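From first to last, the protein sequence lines are chains A and B. Add 807 to the 1-based position in the first sequence for our numbering, that's all there is to it. Add 3 to the 1-based position in the second sequence for our numbering, that's all there is to it. One structure is given here, and the rest of the page talks about it.
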Amino acid sequence: MIKSLKVLQHPLSDSLNQLALLEPDSDHPKSSFKASLEQFGLFPLKTSVLEIFQINLGKMCNQTCRHCHVDAGPDRKEIMSRQAMELCLQVLKHTEIKTVDLTGGAPELNPDFRWFVQEIKKLGKHILVRCNLTIIVANKRFNDLPEFFKEHQVEVVSSLPSFTQDRTDRQRGDGVFEDSIKALRMLNAVGYGQEGSGLILNLVYNPAGAFLPPSQIALETEYKKELSVRYGILFNQLFAITNMPISRYLDYLLTSGNYERYMDKLISAFNPASVQNLMCRTMLSVGWDGYLYDCDFNQMLDLKVSTSTSQHISDFDFEGLKNRDIVIKQHCFGCTAGEGSSCGGSLSV
Amino acid sequence: MDNHYYNSKDLGKFGNIAEYQKELADKFFSYYGEVFKDSHLTAKEKSLIALAVAHAVQCPYCIDAYSSDAYEKGYSEAQMMEAVHVASAIKGGAVLVHGVQMMNKVKEIGM
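Listed below in structure tokens is the structure:
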């Protein structure tokens, strides 16, 4: 299994180096994300109604995917403490936020994961867990996760970059496809993805290479057919997500000689119509250490929210965070290219 | 050699052909866009056909464009190479079937 950039002490493990590399060429100032927004009167980018609280429970993961924007892996030790979770619960208790999106790493590896889900559920919130699937079969103690998810009516969102083993394993590691299929069958067995069960199982497609996702609708149709015919697997929706040019995926782009071409592709595919639905407008991202960000990608680049008086969950100020300016940099082109992209997939469908 | 008949960057300038004849270019690109939409064949299936045809007509721009497009749409390396073999078989067959014409002529003039 490959090591994280952090453990390798790779220059790109420092977010400042990533940001410096992503800065627009001074000869082409119009290719900056800010200039692109300004051209359509969309700058400054402002938040809308806060609907989703995305919480990163830690960077530890049982997989080391080649495109991971978190640089997660088994060698990452950052884990959200129960104290930080309690602060999140206090915030959730006193706000109208409807959905809590739990991510990582593998969020299930946090020792307080189940307790946290139970406590959030007591507050009547809808919970979404970004489950990498293989964690369910990684160890006996995780085999009952499908039942646990069902019991708490958790919506499961899982990555599967292809319905073939070859492409999946190339992006996510040897053996991941086979284990993912096993886990999907276990989720289906308790009712996930089955019509009328109310148990939602959504899949995520990320391109396994230096290109943008194809049409989400066409891809979903094909996935449904292929997964059903080949493996008897059912799911609800497929989200096609563009890979962000940061962290491990940025390293891949640079080492494979695809960086310039990929950035040109993102920039030339800028779609102003996608801006209105950007996820950063309706979500708040909480880091494993309690700091607040506009999205998970900004979190990985250490770009905290612009509201200087409320940058940590311990001094959460709902009013102060309302209608704030969203922090933007060049990586934001990843969310506005083509059909647009978010943690919930394409923005135009 | 620093002077080439083909330059990969020219593919991105394809739309510039409208500078000399806008009306026909607009009609062509509109037609082109329609051809590749999902219809009785899916856009994905059309991409693989285009890849095979690109090889048959030996257009380097088209090969670059449809190698990327077919891979992005989810075809495997093996599927794409099989499509190239289909183009090869048709082109090779087109040469060989003319062998019958050669045989006819030889039989006509030979003793």
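Using N, Cα and C, we set each Cβ at its ideal position, and we do this for glycine too. Note that the structure is a prediction, hence the values are computed from the model and not measured.
- Counted as a single uninterrupted DSSP element, the beta strand (DSSP E) harbouring PHE860 (chain A) occupies residues 859 to 863.
- In terms of Cα proximity to HIS1138 (chain A), the closest of A:ALA913, A:PRO1021, A:PHE1077 is A:PHE1077.
- LEU909 (chain A) is not a Cβ neighbour of ILE1120 (chain A), given a cutoff of 7 Å.
- Under the Cβ distance rule, PHE1042 (chain A) does not count among the residues neighbouring chain B, no pair being separated by less than 7 Å.
- Annotated three-state conformation of ASN107 (chain B) is helix, per DSSP.
- One thing to note: HIS876 (chain A) has its Cβ no nearer than 7 Å to the Cβ of GLN978 (chain A).
- Contact between PHE949 (chain A) and ASN1009 (chain A) fails: their C-beta atoms lie close to 20 Å from each other, not under 8 Å.
- Closest in alpha carbon position to SER1149 (chain A), among A:TYR1056, A:ASN1050, A:TYR1098, is A:ASN1050.
- Within 10 angstroms of the beta-carbon of SER1115 (chain A) lie fewer than 16 other beta-carbons, which makes it exposed.
- Proximity to ALA92 (chain B) across B:GLY113, B:HIS58, B:LYS110 peaks at B:HIS58, based on C-alpha coordinates.
- With contacts defined as CB atoms closer than 7 Å, LEU935 (chain A) and VAL898 (chain A) fail to qualify as a contacting pair.
- By the Cβ rule, the stretch 996 to 1008 of chain A counts as touching the stretch 1030 to 1047 of chain A, because three or more pairs are nearer than 8 Å.
- Judged by DSSP in its simplified three-state form, LEU916 (chain A) adopts helix.
- Beyond the five residues adjoining it in sequence on each side, ASP1058 (chain A) comes within less than 8 Å, by CB distance, of LEU812, HIS817, LEU819 in the same chain, given in chain order.
- Excluding its 5 nearest sequence neighbours in each direction, VAL944 (chain A) has C-beta neighbours in its own chain below 6 Å: ASP986, LYS989, ALA990, listed in chain order.
- ARG889 (chain A): member of the alpha helix (DSSP H) spanning 889 to 900, first to last residue.
- Annotated three-state conformation of ARG937 (chain A) is strand, per DSSP.
- Under the DSSP assignment, ASP976 (chain A) falls in the alpha helix (DSSP H) whose first and last residues are 972 to 979.
- For LYS16 (chain B), no CB of chain A lies under 7 Å from its own CB, so it is not counted at the interface with that chain.
- When Cβ-Cβ separations below 7 Å define contact, LYS76 (chain B) makes contact with chain A.
- In the DSSP annotation of this structure, the continuous segment of the beta strand (DSSP E) that includes LEU1091 (chain A) starts and ends at 1090 to 1093.
- Ranked by Cα distance from VAL961 (chain A), the first of A:GLY980, A:GLN972, A:SER1004 is A:SER1004.
- In the structure shown, GLU962 (chain A) adopts extended strand secondary structure according to DSSP, grouped into three states.
- Within chain A, the C-beta atoms nearer than 8 Å to that of LYS47 (chain B) come from PRO1021, ALA1025, GLU1029, in chain order.
- Looking only at A:VAL814, A:SER822, A:ALA842, the smallest Cα-Cα distance to PHE1140 (chain A) is reached by A:ALA842.
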